[in-house]
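The structure appears below as structure tokens.
Residue numbers (my numbering), protein chains in the order written: chain Y, 867 to 1110; chain X, 41 to 253.
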């Protein structure tokens, strides 16, 4: 209770001007309360010190400088909007930078994918790629499940591979037509022939060529068939593997 | 308001005599005359308030040259906005409000520039502004004038470390001797807020000036 009373008294003392006299109740409290008396003495001393700071005079040339400033402002009234215009120019410059950046990023991400595909084809092993075959239905009575030509997840890549390159550049080719091929007469002993290492895969054979400048060409060879005598499937356990 | 082209066209009256302009000429009347192009009236307004405004901004910023610049900027704004001035409050309230806003803007600019970098080492945790490293000189001084000078310097430094929201009302009340009502109008806040801030400001100062009390 006494603490609250002291707070009220101190607040009242705080709000008084220095030359104002306090009320009778405050004066009575100050006579009885040593803490509030000390507070009042320190507070009064502090306010006297702060009040003694006084007024600082303006420099003698204050009016002259002010006149010069006003005249300068009047002459340069046309430039009052310059800060606003400068801000607008800054915003426009930032927008321009953003637009240029967006165009640059878009160009980087929209570059032709041939380079990437060629790199991928070099890295992947020479496994046969699924491509739609043109063989008639009776020539392939048993389309095996591994034939993934119609697989939905493979189709986009196949279509992309078959898409012609945007920039058509001449392929570098070597002509072997002037060289004679080796002739097999059949008189050689059978032991001299090696067993042909043909894989009896039903998937077509696919070759990818690169001209060294990022242009790719894909050649797809359909499944080989000799009339009714088909190549033995690798899944046949009675047939010797990889033998003709 | 006339458009000015040269300094001389302003026609300030540097040797304006006090007896020419009577004391009863109110600030409102002077500003009204300024609006109609009377440069002498504006010169009288400047002469009435230049010291007060310069001193007030100096107490706020603790930088005399900057205070002079801001005081001039205050008068420039008064001159430019003379057409839009409304007699809602006293002219002194109006011009002190402009000066307060300019001083607070300057203090915030300084804070952004971190010109008072040393005070960062003494930042308080309760959100109050940093205190300067300003230990009182305990050596005995030989002259009472020196004592007073030292005390005034100390209190000026202590005031300049107060948060700006406490600094302005304390200066307006204890240095300029303005009423709570006028301070509230200048700072555009309530009278209770002004009293509370002044009380807190004095509390801060009591702590900082303990050695001098």
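Glycine included, each C-beta is placed from N, C-alpha and C at the ideal position.
Computed from a predicted structure; not experimentally measured.
Neighbour flag for residue 887 of chain Y against chain X, beta carbons, 7 Å: For this step, residue 887 of chain Y is matched to residue 21 along the first chain. Residue contact with chain X for residue 887 of chain Y: absent (no Cβ-Cβ distance below 7 Å to any residue of chain X).
To the nearest angstrom, how far is it from the Cα of residue 104 of chain X to the Cα of residue 98 of chain X? What you label residue 104 of chain X is simply residue 64 of the second chain in a count that begins at 1. What you label residue 98 of chain X is simply residue 58 of the second chain in a count that begins at 1. Each residue's alpha carbon lies about 6 Å from the other.
Within 7 Å (strictly less), CB to CB, does residue 928 of chain Y reach chain X? Taking the first residue of the first chain as position 1, residue 928 of chain Y is located at position 62. Yes, residue 928 of chain Y counts as interfacial toward chain X.
Name the two residues that bound the continuous beta strand (DSSP E) containing residue 1087 of chain Y. As a first step, residue 1087 of chain Y must be located in the first chain, where it is residue number 221. First-last of the beta strand (DSSP E) with residue 1087 of chain Y: 1082-1087.
Can you list, in chain order, the residues of the segment 886-916 of chain Y whose Cβ is nearer than 7 Å to any Cβ on chain X? The segment 886-916 of chain Y vs chain X, Cβ under 7 Å: 908, 909, 911, 912, 913, 915, 916.
Any Cβ of chain Y within less than 7 Å of the Cβ of residue 90 of chain X? By one-based count along the second chain, residue 90 of chain X stands at place 50. The Cβ of residue 90 of chain X sits closer than 7 Å to at least one Cβ of chain Y.
Extent of the continuous alpha helix (DSSP H) to which residue 87 of chain X belongs: Taking the first residue of the second chain as 1, we reach residue 87 of chain X at position 47. Membership of residue 87 of chain X in the alpha helix (DSSP H) is indicated by the continuous run 79-101.
Run down chain Y in chain order and give the residues with a C-beta less than 8 Å from the C-beta of residue 245 of chain X. By 1-based counting over the second chain, the position of residue 245 of chain X is 205. Correct list: 912, 916.
Report the rounded CA-to-CA distance for residue 186 of chain X versus residue 195 of chain X, giving the unit in angstroms. Walking along the second chain from the start, residue 186 of chain X turns up at place 146. Walking along the second chain from the start, residue 195 of chain X turns up at place 155. Residue 186 of chain X and residue 195 of chain X: Cα-Cα distance of roughly 14 Å.
To the nearest angstrom, report how far apart residue 239 of chain X and residue 882 of chain Y are at their CA atoms. Here residue 239 of chain X refers to the residue found at position 199 when the second chain is read from its first residue. Here residue 882 of chain Y refers to the residue found at position 16 when the first chain is read from its first residue. Between the alpha carbons of residue 239 of chain X and residue 882 of chain Y lies a gap of roughly 11 Å.
Cβ-based contacts, 8 Å cut-off: residues of the segment 218-237 of chain X near chain Y: Residues passing the 8 Å Cβ filter: 220, 235.
Between which two residues does the alpha helix (DSSP H) holding residue 195 of chain X run? In the second chain, residue 195 of chain X corresponds to position 155, counting from 1. Following the DSSP letters along the chain, one finds residue 195 of chain X inside the alpha helix (DSSP H) bounded by residues 184-200.
Using a 10 Å radius around the Cβ and a threshold of 16 neighbouring Cβ atoms, would you call residue 249 of chain X buried or exposed? Position 209 of the second chain, counted from the start, is the residue given in the question as residue 249 of chain X. Counting Cβ neighbours within 10 Å, residue 249 of chain X comes out buried, since at least 16 surround it.
Would you kindly check if the distance between the Cβ of residue 223 of chain X and the Cβ of residue 203 of chain X is under 7 Å? Position 163 of the second chain holds residue 203 of chain X. Position 183 of the second chain holds residue 223 of chain X. The Cβ-Cβ distance between residue 203 of chain X and residue 223 of chain X does not fall below 7 Å.
For residue 232 of chain X, the nearest candidate out of Y:871, Y:880, Y:974 (CA to CA): Mapped onto the second chain, residue 232 of chain X falls at position 192. Nearest to residue 232 of chain X by C-alpha distance, out of Y:871, Y:880, Y:974, is Y:880.
Check the DSSP bridge columns for residue 1076 of chain Y and list the partner residues they point to. Taking the first chain and counting its residues from 1, one reaches residue 1076 of chain Y at position 210. Beta-bridge partners assigned by DSSP to residue 1076 of chain Y: Y:1082.
If you run the structure through DSSP and keep just helix, strand and coil, what is residue 1042 of chain Y? As a working note, residue 1042 of chain Y is residue 176 in the first chain. Of the three classes helix, strand and coil, the one that applies to residue 1042 of chain Y here is coil, per DSSP.
Would you say residue 140 of chain X lies against chain Y (beta-carbon separation less than 7 Å)? Against the second chain, residue 140 of chain X aligns to sequence position 100. Closer than 7 Å: no.
Please state if the CB of residue 923 of chain Y and the CB of residue 91 of chain X are separated by a distance shorter than 7 Å. Residue mapping note: residue 91 of chain X aligns to position 51 of the second chain, counting from 1. Residue mapping note: residue 923 of chain Y aligns to position 57 of the first chain, counting from 1. Note that the C-beta distance between residue 91 of chain X and residue 923 of chain Y is below 7 Å.
I want to see whether chain X comes within less than 7 Å of residue 924 of chain Y, judged by CB atoms only; does it? Here the question's residue 924 of chain Y lines up with position 58 in the first chain. Yes, its Cβ sits closer than 7 Å to a Cβ of chain X.
Assuming residue 114 of chain X and residue 139 of chain X make a contact with CB atoms under 8 Å, what is their CB distance in whole Å? Reading the second chain from its first residue, position 74 is the one you call residue 114 of chain X. Reading the second chain from its first residue, position 99 is the one you call residue 139 of chain X. The Cβ separation is near 5 Å, so the contact holds.
Could you give the C-beta distance for residue 101 of chain X and residue 146 of chain X, rounded to a whole number, given that I count them as a contact under 8 Å? Your numbering for residue 101 of chain X matches position 61 in the second chain. Your numbering for residue 146 of chain X matches position 106 in the second chain. With a Cβ gap of about 6 Å, residue 101 of chain X and residue 146 of chain X count as contacting.
Residue 76 of chain X: which of X:151, X:128, X:124 sits nearest, CA to CA? Taking the second chain and counting its residues from 1, the one referred to as residue 76 of chain X is at position 36. Out of X:151, X:128, X:124, X:124 has the C-alpha closest to the C-alpha of residue 76 of chain X.
Measuring CB to CB, does residue 884 of chain Y end up less than 7 Å from residue 913 of chain Y? For the purposes of this step, residue 884 of chain Y is taken as residue 18 along the first chain, with counting starting at 1. For the purposes of this step, residue 913 of chain Y is taken as residue 47 along the first chain, with counting starting at 1. At the C-beta level, residue 884 of chain Y and residue 913 of chain Y come within 7 Å of one another.
Suppose the cutoff is 8 Å on Cβ atoms and the five residues either side in sequence are ignored; what does the same chain contact list for residue 235 of chain X look like? As a first step, residue 235 of chain X must be located in the second chain, where it is residue number 195. Cβ within range, chain order: 220.
If we count the other Cβ atoms within 10 Å of its Cβ and call it buried at 16 or more, is residue 1024 of chain Y buried or exposed? Working through the first chain from its first residue, we reach residue 1024 of chain Y at position 158. Low confidence applies here, because residue 1024 of chain Y scores a pLDDT of 47, under 50, leaving its location unreliable and the question unanswered by this model.
Does the CB of residue 110 of chain X have a neighbour CB from chain Y at under 7 Å? Counting from 1 along the second chain, the entry for residue 110 of chain X is found at position 70. It does not; no Cβ of chain Y falls within 7 Å.
So which residues of chain A does residue 932 of chain Y contact, with C-beta pairs closer than 7 Å? No chain A is present in this structure, whose protein chains are Y and X.
DSSP on residue 233 of chain X, reduced to helix/strand/coil? Counting from one through the second chain, the residue named residue 233 of chain X turns up at place 193. Three-state DSSP puts residue 233 of chain X in a helix.
Which residues mark the beginning and the end of the alpha helix (DSSP H) in which residue 222 of chain X is found? On the second chain, position 182 is the one that residue 222 of chain X refers to. Where residue 222 of chain X is concerned, the enclosing alpha helix (DSSP H) stretches over 220-227.
Since I believe residue 929 of chain Y is in contact with residue 118 of chain X (beta carbons under 8 Å), could you give me their beta-carbon distance rounded to a whole number of angstroms? Taking the first residue of the second chain as position 1, residue 118 of chain X is located at position 78. Taking the first residue of the first chain as position 1, residue 929 of chain Y is located at position 63. Contact flag wrong, Cβ pair sits at about 14 Å.
Give me, in chain order, the residues of the same chain whose beta-carbon lies closer than 7 Å to that of residue 206 of chain X; leave out the 5 immediate sequence neighbours on both sides. The residue labelled residue 206 of chain X in the question sits at position 166 within the second chain. Excluding five sequence positions before and after residue 206 of chain X, the CB atoms of its chain that fall closer than 7 Å to its own CB belong to 237, 240, 241, 244, given in chain order.
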